[in-house]
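Reviewing the structure listed below.
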Amino acid sequence: MVNECAFAQPNEADLVDAVRTTGAATLSLVAVLKDELVGHILFTPVTVQSPKGDFEAVGLAPMAVMPELQRNGIGSQLVSRGLAELRAAGHEVVVVVGHAEYYPRFGFVKASGYGIRWEHQVPDEVFMALELKPGVLRGLGGGVVRFRAEFAAG
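In the numbering used here, the protein residues as written are 1225 to 1378.
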């Protein structure tokens, strides 16, 4: 319900259901306010194919907050908590396709700065990466990020 309301379409909700069905979520968090589900964030495994070999990273998508509660810090809390849990679990890299003004506050930078691009064409400023382990992307030689098959189905 949160994803469908936040995005005003069923695609993201269908994606979340598909990922859950396959058991592929790396991390899924919800925000609850007054016993109501008001926010959700999902992190899934992605593959970075690079000249130095493939490696696993984590993709952030989707992140949703009920429209009437957006711009109140709920999304920021979900992102911060998710990144902290991923870092604690030993994950090294997170990528996101999202708002260029929003995600840099959490340390995300243009992935192209690391020579990394998404498998689909998007404006450079909306595909971002965050090193949870500093320096892990240095010297990578570039690469292409591929999300799970469930993301192509939408």
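Here a beta-carbon is modelled for each residue, glycine too, at the ideal position from N, C-alpha and C.
message: I want to know whether the segment 1306-1316 touches the segment 1336-1353 - three or more CB-CB distances under 8 Å.
response: no
message: On the DSSP letters alone, give me the boundaries of the alpha helix (DSSP H) that Phe1279 sits inside.
response: Element bounds for Phe1279: not the alpha helix (DSSP H) but the beta strand (DSSP E), 1279-1289.
- prompt: So, is Ala1308 buried or exposed, given that buried needs 16 or more other C-beta atoms within 10 angstroms?
  reply: exposed
field: Terminal residues of the beta strand (DSSP E) in which Gln1273 lies
entry: 1260-1273
task: Using 10 angstroms around the beta-carbon of Tyr1327, count the other beta-carbons present and answer buried if the total reaches 16, otherwise exposed.
output: buried
task: Using only alpha-carbon positions, find the residue among Arg1295, Glu1292, Ala1335, Ala1324 that is nearest to Val1369.
output: Ala1335
- request: Name the one or two DSSP bridge partners that Phe1351 has.
  value: Val1321
- prompt: What residue from Phe1371, Gly1365, His1323 has the CA that sits closest to Trp1342's CA?
  reply: Phe1371
message: Check for me: the alpha helix (DSSP H) holding Ser1336 runs from which residue to which?
response: First-last for Ser1336: undefined, no H or E at that position.
query: Going by C-alpha distance, which of Gly1366, Tyr1338, Phe1332 is nearest Leu1284?
result: Phe1332
task: Quick one: using the 10 Å Cβ neighbour count with 16 as the cut-off for buried, is His1384 buried or exposed?
output: The structure shown does not extend to residue 1384, since the chain spans only 1225 to 1378, so no value can be given for it.
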